[in-house]
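See below for the structure under consideration.
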Amino acid sequence: MKKSTFKNILQNFFIITSVLLFAFVTFLAASGAKAFAVRTDSMSPLFKEGSVVFVRRADFSDLKAGNIVSVKFADGSGVFTHRITGIDAENKTISTKGDNNNSDDPEQSGAAQIIGRYWFSLPVIGFLSLRIKSDAIVFFLIAVAAALFITRLVIQSKNKANG
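One rule links them: number in this note's numbering = place in the sequence shown (from 1) + 2.
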């Protein structure tokens, strides 16, 4: 009896966690948010390496010094998230700096490079995406988890139908 109670608790926990995760992902998609894993401590202590930063699109005209933004590198090689230290409205560029850095970033960023303004962050959960370099591996792991979940639901349905 105790083993079956523990099994039920574990199953319920898994189902509730899956539903909450689905609701969270749906909410993020509906809000237009984008997520980025933090690769360095340049914005410490606000967020540290391994955190995930969520940003939402913002018009250039709505940005101001002190806002935190995620920006594409000029060469397209990646994304960084830093605080705006200055805005050149005429040239539509911003100067940025990591809170934990001693000086501004060496190059200004153009309006087209700005992905969005900081919305919120979650600590630690970005470590997995930083360690897994291939999108195919991430997709495979998600597919395996989904397959296990669906298989479990099918087995539960059959067991209930059989008595």
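All C-beta atoms in this analysis are idealised placements derived from N, C-alpha and C, irrespective of residue type, glycine included.
Residue pairing by DSSP places D90 opposite T95 in a beta bridge.
Proximity to T87 across N104, A76, N164 peaks at N104, based on C-alpha coordinates. Cβ-Cβ separation between A60 and G118: approximately 6 Å, consistent with a contact (criterion under 8 Å). By the beta-carbon neighbour count (other beta carbons within 10 angstroms, threshold 16), S33 is exposed.
With a cut-off of 8 Å on Cβ pairs, the segment 68-83 is not in contact with the segment 19-33, counting fewer than three such pairs. Taking 8 Å as the cut-off, the beta carbon of L65 is found closer than this to the beta carbon of V71. Per DSSP, G100 is not a residue of any beta strand (DSSP E), being assigned neither H nor E. Of the residues N14, A91, K99, the one whose Cα lies closest to the Cα of S46 is K99. With a cutoff of 8 Å on beta-carbon distance, P108 and S53 are scored as not near each other.
Around the beta carbon of I157, fewer than 16 other beta carbons sit within 10 angstroms, so the residue counts as exposed. The closest CA to that of R85, considering only S6, V73, R154, is found on V73.
Between the alpha carbons of A148 and S44 lies a gap of roughly 35 Å.
For K66, no beta strand (DSSP E) encloses it, and the DSSP letter there is neither H nor E. Secondary structure of A60 (DSSP, three-state): coil.
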